[in-house]
Amino acid sequence: EPEVTQTPSHQVTQMGQEVILRCVPISNHLYFYWYRQILGQKVEFLVSFYNNEISEKSEIFDDQFSVERPDGSNFTLKIRSTKLEDSAMYFCASRRVSPGTGTGELFFGEGSRLTVL
Amino acid sequence: QQQVKQSPQSLIVQKGGISIINCAYENTAFDYFPWYQQFPGKGPALLIAIRPDVSEKKEGRFTISFNKSAKQFSLHIMDSQPGDSATYFCAASPTLDSNYQLIWGAGTKLIIKP
Chain A
990 EPEVTQTPSH
1000 QVTQMGQEVI
1010 LRCVPISNHL
1020 YFYWYRQILG
1030 QKVEFLVSFY
1040 NNEISEKSEI
1050 FDDQFSVERP
1060 DGSNFTLKIR
1070 STKLEDSAMY
1080 FCASRRVSPG
1090 TGTGELFFGE
1100 GSRLTVL
Chain B
42 QQQVKQSPQS
52 LIVQKGGISI
62 INCAYENTAF
72 DYFPWYQQFP
82 GKGPALLIAI
92 RPDVSEKKEG
102 RFTISFNKSA
112 KQFSLHIMDS
122 QPGDSATYFC
132 AASPTLDSNY
142 QLIWGAGTKL
152 IIKP
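Chains A and B are the protein sequences, given in the same order.
Per the working numbering: the first sequence = residues 990 to 1106.
Per the working numbering: the second sequence = residues 42 to 155.
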């Protein structure tokens, strides 16, 4: 069964450092997403990406964050100058829009745990 | 208006019992309501979803009940099993918006006691 894969599974970084979280979405999916889940809290939408550009972003997704699809398979989230409060599980998701309905299941990766010290 | 309120925060049910988790929303533009199941250390996985044109959807032991006028929907797990122990999230999205920004509930930690 196709799946969304994320690397690394866990990254520990010092405050102020830059991190890049990587995702390989399911190959025939067109929409890509990053979500964040702070430990014990709800899942929060960060950004959606379609046709090689950001289609929507939340207020969490400020200038500290950026996304990129550097090639045909990877989808990355870069966090510049990390802060303690960036510590969270970051989930990548992808979706293939069903023709005519606009819906389609969102498939999540297993997440990348970021710990900022 | 963008919130989805979920309750209870945690739930303990005996094996074989019925687990019920409730969610409420305010935004009438929402028209897609999925439930996700998340095991520790894993990403959320779609369990079951409903559109507001039906009042109930059943898949195996899992049922969504939807009350459009009350703007509420709930997940029922029949014959709950220890393997159902997980965190459950309801969510909502306006599907006309193809960006499909899911708004999530706070989650319910379900424990099924053997």
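Heads up, the beta-carbon is just placed ideally off N, CA and C, and yes, glycines get one too.
- Shown here, A:L1073 sits in a helix according to DSSP, grouped into three states.
- Residues of chain B whose Cβ lies closer than 7 Å to the Cβ of A:E1099 are, in chain order, K83 and G84.
- In the three-state DSSP reduction, A:P997 falls in the coil class, being neither helix nor strand.
- Here DSSP, grouped into helix, strand and coil, assigns B:P93 to coil.
- Rounded to the nearest whole angstrom, the C-alpha separation of A:S1062 and B:G57 is 44 Å.
- Counting only the Cα atoms, A:M1004 lies some 36 Å from B:P75.
- Assigned with DSSP and collapsed to three states, B:P123 falls in helix.
- For B:G146, the C-beta contacts it makes with chain A under 8 Å involve K1031, in order along the chain.
- A Cβ-Cβ separation of about 14 Å leaves A:C1081 out of contact with A:P991 under the 8 Å criterion.
- B:F103 has a beta carbon lying at 8 Å or more from every beta carbon in chain A.
- Counting only Cβ-Cβ distances below 8 Å, A:F1080 has contacts in chain B at G84 and P85, in chain order.
- Counting along the chain, no beta strand (DSSP E) covers B:P85, and no H or E run does either.
- The Cβ atoms of A:F1034 and A:Y1024 sit closer than 8 Å to each other.
- Sequence-distant Cβ neighbours of B:N63 in its own chain, meaning closer than 6 Å and more than five residues away, are S48 and S115.
- B:P123 is the residue among B:Q142, B:K150 and B:P123 whose C-alpha sits nearest the C-alpha of B:Q55.
- Residue pairing by DSSP places A:S1083 opposite A:F1021 and A:F1096 in a beta bridge.
- Residue state for B:S51 is assigned as strand, using DSSP reduced to three classes.
- Residue burial annotation: B:M119 is exposed, with fewer than 16 other C-beta atoms found within 10 angstroms of its C-beta.
- In the pairwise beta carbon analysis, the stretch 1098-1105 of chain A is classified as touching the stretch 994-1008 of chain A: at least three pairs are separated by under 8 Å.
- Listed along chain B, no residue sits closer than 9 Å to A:L1035 by beta-carbon distance, the nearest being about 10 Å off.
- Any Cβ of chain B closer than 8 Å to the Cβ of A:E1094 would place that residue at the interface, and such an atom is present.
- Put simply, the CB of A:E1045 is near chain B, with a gap under 8 Å to one of its CB atoms.
- According to the DSSP assignment, A:K1031 belongs to no beta strand (DSSP E), since it is labelled neither H nor E.
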